Structure formats: structure tokens, C-alpha cells
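Using this note's numbering, the letters of the sequence shown correspond one by one to residues 332 to 661.
We put the beta carbon where it would ideally sit given N, CA and C, even for glycine.
All figures in this text were calculated on a predicted structure; none of them were measured in a lab.
Working notes, structure below.
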Amino acid sequence: MRPASTGRFVSALLLALVACAVAVTARAQAQPSTWPSRPMRMIVPFAPGGVTDVLARLLGARYTEAFGQPVAIDNRAGAGGNIGAEIVVKAAADGHTILFSSAALAVNPSLYKSLSYDPLKDLVPVTAVASSPQLLVVHPSVPVTNAKELVALSRKRKGGLNFGSNGVGTTSHLAGVLFASLAGAEITHVPYKGAGSVVGAVIAGEVDMSFFATSVAMPHLKSGRLRALAVTTVKPTSLLPDLPPLDRFLPGFDTDNWFGSFLAAGTPRTIIERLNGETLKAMKTPEMRAAFERDGLDALGYGPVEFAQFFQREMDKYAKLVKLSGAKAD
């Protein structure tokens, strides 16, 4: 072989070896065995202490154990959860920044006049962990003993009833909008700043009714300061199994809050699947089961595909309710 030919052969061989090495490295980086390679961060777009925060911390502890990397819980409240979501959207799509959010993520695209992100394009659903039924509650002075009587009263009074919510565009607000629509009634909406404020308002008799998470309502039901008439989901709640679903009196009524994890769009599929797998394992731990039971949560366990389909349906549902409510946020 001539020297020039030998040189070209060696050069070609070296280029081929380099190409193979790059390909192998790229494949290795995409494999879940190499992830995570550094500490992780779980963004909770709400204040500490709520159900979203509690579940995120339980998951974070499980991830730390399973992945061998610390997981920091970062509460970034504000703008109905948008501030936290934006952080994840702008993060590297490498699985080290996780969003753990709620149904608010499905509401916000219809509620806010402009968003800097599109949850369908900029985020990828990983696992839907749990859902939280709401309870239709009234002040004891409201002259009804069940949901059927409340529906009749709302039609009769024509604007005489009012309902409180956690704020404009929240799931409690939109549950009230759905109630009024299905009942064919006029009910005045009174928004408050957060669950604590509206609970106090119903207890004080400032408003007639509201929709509370089961865990929020339970202490006040036991004390007699509030009365529960129905659950907002078709399925009964485990904490009050004899409480009828509102769908029985208003066919088509089915709302709840839910909690799940998301990653930035473009995250390798292997990472998404591994995170989903560890989340499903975490849901079976005694700590998570105890949290579900304590707060009256229903385990979901939807994986990436099923969660994506569910999320699309939720966005469609809330788009109709937000339009019906006329609510808008800046």
C-alpha cells in the first residue's frame, strides 16, 4: 500500500472511530442510568403547607433515595402557579428540574390574557399522582338539608344566594360557575384571597356556600360550623362515603383538583419513563398512602401518555368554564 493511501486509510479509520465514540456517548447520555448526574430541584408553584407541597416533599424524599441525588423543594408561588411553571419551561430539558403542580395549570391558559409559555408545547406530563374531591358546603343557617333542596332554593331565590371561592379562576370558583350553569340559577360569586379566608367567611355567614377540599372542610364539619351537602366528583370520597355526588342532582357535575409532575419539553423519553416509574413506586409507600388517606385523596397513577390525554381534557373543560364565568387575569 502506498504511503498516501495508507494515510487516507488511517484518517478515515480515525474519523470513523471518533464518530462511533460520539454516537456511543450520545446514547449513553440519553440512558436513564446516567441520570440524574447532579442535585435535582422540584418546583412547587404554591406556598408551603398545602396538599401540592406535602405531596411534593414526600416524592422528593423518595427520589433522593432512589436516584442517589438530593432533591430540593423550591416553592415559587405567584400568578396562579405561572411563576413556577415558567421556571421549569426555561430550565434545561435534562430532567433535573421538575414541576409538581395542580389543576391550575390546566385553567391558566384560558384565564390569563397572555402567558409566556404554552403548557401543551413547553411541558411534558410525567405522572398524575392524585386527585382531591371538593365538598359542597353551606353555613348551617341556610335552610336546606341536602343538595337537592339547595338546587331548588338557588332557582327560587334568583340571585339571592352567594358563594365564596379561593379567588377568581380557582377550582372552587369554577365549581360554583358549573353549579349555577347546571342548576339554571343566578348565584353571586364572592372571591376571597385563599382557602383560609373563604372558610372563615362561610363559617361567619358572610356567604351561603362554597366548595372546599375535603381536608380543609373536615375539621369544621366535625365541629358543626359547616354542613356538607355533596361531593363534586362522581365517585364518593373515602372520608365521607355516604355523602352523595352532586352529579345525582345536577347531571354532568364532575370537578376536582389534581396533582401531578411535569418536565420541560424535549426531555429524553428514557428520563421521563424512569421518573414516572419511581413516582408510581413512591405512591405505594406507607407514607404516601397515609397522606392520601389523611387528606381524602384518590390515587391516580396516570403515566405520560394517559396523563397527557387527561390534561388535554382538563384544559378543554376549564376553557368552557372560564369562558362561562367571564373571568380574566393579567
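Item: Contact check, Asn726 vs Ser433, beta carbons under 7 Å; Value: Only positions 332 to 661 of the chain appear in the structure, and residue 726 is not among them; the question remains open.
Item: Member of Pro376, Thr395, Arg369 whose CA lies at the smallest distance from the CA of Asn413; Value: Pro376
Item: Alpha helix (DSSP H) runs wholly inside the segment 422-495, at least 4 long, in chain order; Value: 435-442, 450-453, 478-488
Item: DSSP beta-bridge partners of Ile518; Value: Leu492
Item: Opening and closing residue of the beta strand (DSSP E) in which Arg702 lies; Value: With the chain represented from 332 up to 661, any question about residue 702 goes unanswered, as that position is not in the structure.
Item: Simplified DSSP assignment, three categories, for Gly591; Value: strand
Item: Anticipated Cβ contact below 8 Å, Gly507 with Phe542, distance rounded; Value: 6 Å
Item: Three-state secondary structure assigned by DSSP to Val538; Value: coil
Item: Contacting residues, own chain, Cβ-Cβ under 6 Å from Val521 (five flanking each side not counted); Value: Asn493, Gly495, Val538
Item: Whether Ala408 touches Ala378 by CB criterion (7 Å); Value: yes
Item: Candidates Val547, Pro617, Ala424, Leu451: closest to Ala527 by CA position; Value: A small fix is needed here, since residue 527 is Gly in this sequence, not Ala. That would be Val547, whose Cα lies nearest to the Cα of Gly527.
Item: Where the alpha helix (DSSP H) containing Val382 begins and where it ends; Value: 382-398
Item: Alpha-carbon to alpha-carbon, Tyr394 and Glu604; Value: 14 Å
Item: C-alpha distance - Arg625 paired with Ala423, whole-angstrom precision; Value: 36 Å
Item: Between the CA atoms of Gly411 and Asn497 - distance to the nearest angstrom; Value: 11 Å
Item: Backbone secondary structure at Leu628 - three-state DSSP; Value: coil
Item: With 16 other Cβ atoms within 10 Å as the buried cut-off, status of Gln465; Value: buried
Item: Ala559 versus Thr476: straight-line alpha-carbon distance, rounded; Value: 9 Å
Item: Residues sharing a beta bridge with Thr568, DSSP; Value: Leu571
Item: Backbone secondary structure at Arg333 - three-state DSSP; Value: Because the pLDDT of Arg333 is 46, which lies under 50, any placement of that residue in the model is unreliable, and the number read from its coordinates should be weighed accordingly. Note: Arg333 maps to coil in three-state DSSP.
Item: Backbone CA spacing between Phe510 and Ile518 [nearest angstrom]; Value: 9 Å
Item: Contact set for Phe580: own chain, Cβ-Cβ below 6 Å, skip 5 residues either direction; Value: Ala478, Lys479, Val482
Item: Distance between Leu386 and Ser447 (C-alpha atoms, nearest Å); Value: 27 Å
Item: Cβ neighbours of Pro576 in the same chain (closer than 6 Å, five flanking residues each side left out); Value: Val562, Val565
Item: Counted within 10 angstroms of its Cβ, other Cβ atoms place Asp384 as buried (16 or more) or exposed; Value: buried
Item: Straight-line Cα distance separating Thr502 from Arg486; Value: 23 Å
Item: DSSP beta-bridge partners of Ala544; Value: Gln465
Item: Cβ neighbour criterion (16 or more within 10 Å) applied to Asp647; Value: exposed
Item: Separation of Thr545 from Asp453, as counted between CA atoms; Value: 32 Å
Item: Contacting residues, own chain, Cβ-Cβ under 8 Å from Leu611 (five flanking each side not counted); Value: Thr458, Gly632, Gly634
Item: Length of the line joining the Cα atoms of Glu417 and Asn439; Value: 12 Å
Item: Nearest-angstrom Cα separation, counted from Leu574 out to Arg303; Value: Outside the shown range of the chain, which is 332 to 661, sits residue 303, and nothing can be said about it.
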